[in-house]
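Below is one structure, written out as structure tokens; the observations come after it.
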Amino acid sequence: MPPPVTRSASASAPAPGPARAPDALRAQLLYPPPAFHFAVTFGSNAKDRDGAFREVTGLGPELETETVVEGGQNAFVHLLPKAAKHPKLVLSRGIATMESRLLLWCQAVLEGGFAQPIATQQLHVFLLDGDGAPLRVWAVSNAYPVKWSVEAFQATRNEVAIERIELAYAGSSRLV
Numbered sequence: 795m796p797p798p799v800t801r802s803a804s805a806s807a808p809a810p811g812p813a814r815a816p817d818a819l820r821a822q823l824l825y826p827p828p829a830f831h832f833a834v835t836f837g838s839n840a841k842d843r844d845g846a847f848r849e850v851t852g853l854g855p856e857l858e859t860e861t862v863v864e865g866g867q868n869a870f871v872h873l874l875p876k877a878a879k880h881p882k883l884v885l886s887r888g889i890a891t892m893e894s895r896l897l898l899w900c901q902a903v904l905e906g907g908f909a910q911p912i913a914t915q916q917l918h919v920f921l922l923d924g925d926g927a928p929l930r931v932w933a934v935s936n937a938y939p940v941k942w943s944v945e946a947f948q949a950t951r952n953e954v955a956i957e958r959i960e961l962a963y964a965g966s967s968r969l970v
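In our numbering, the protein residues as written are 795 to 970.
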């Protein structure tokens, strides 16, 4: 039988090794970042932000599965993986000016017919800290607009007019 484990006074001392994490890093590890401070960029210049967005949804893949029933096995079915699919990325913001590069790109794709090939764009979604520095970054590849709409105007509400841009995309990855 092994001897009982006892704690010595030196057991509570920090172990030798790398210095402790700075307070900001420790806070990131303990507390998830808030989701209200974010930015979206698109195109070749990742630093060019085209307006502030109220909401971004649809970021991330989902694995499709196929249900296979095994003969003689009635207790369960097999779910086999098929392919990853991506929901539409939906960007909501106050209605932008006609000079908005994002809006001009959407108009060119949605109203241009198929006379020209669809120009896809690379997008980046940044989750920011209080100072505006990126905490998390997602890259969205080969995105193109599939829908542009404006929320209903109502005389009984005192709200900002909102436009929604829905984008299809080929893939996304978390960079940071």
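Yeah, the Cβ is synthetic: ideal placement off N, Cα and C, and Gly gets one too. Note that this is a predicted model, so its numbers are computed, not measured.
Around the beta carbon of Arg951, fewer than 16 other beta carbons lie within 10 angstroms, which makes this residue exposed.
Residue nearest to Pro939 within the set Ser966, Gln915, Leu922, Ile956 is Gln915 (criterion: CA-CA distance).
Under DSSP, the beta-bridge partners assigned to His918 are Thr835, Ala933. Residues of the same chain with a CB within less than 6 Å of the CB of Gly965, apart from the 5 flanking positions on each side, are Ser935 in chain order. In the structure shown, Ala902 falls within a helical segment according to DSSP collapsed to helix, strand and coil.
In this chain, the beta strand (DSSP E) harbouring Leu961 covers 956 to 962. The three-state secondary structure of Arg895, taken from DSSP, is helix. Taking each of Leu883, Gln948, Arg887 in turn and checking the Cα distance to Ala937, the smallest one comes out for Leu883.
Below 8 Å, enough C-beta pairs join the region 944 to 959 and the region 884 to 896 to call them touching: three or more. Looking at the backbone, the Cα of Gly837 and that of Arg843 are separated by about 10 Å. A Cβ-Cβ separation of about 35 Å leaves Phe947 out of contact with Val931 under the 8 Å criterion. Taking Glu945 as the centre and dropping the five residues before and after it, the same chain places the C-beta of Ile956 closer than 6 Å to its C-beta, in chain order. With a beta-carbon spacing of about 6 Å, Leu922 and Ala833 fall inside the 8 Å limit used to define contacts. With respect to Val871, Val862 sits close: the two C-beta atoms are nearer than 8 Å. The bridge partners DSSP lists for Lys879 are Glu856. Rounded to whole angstroms, the Cβ separation of Ala933 and Ser894 is 22 Å, and the two are not in contact under 8 Å.
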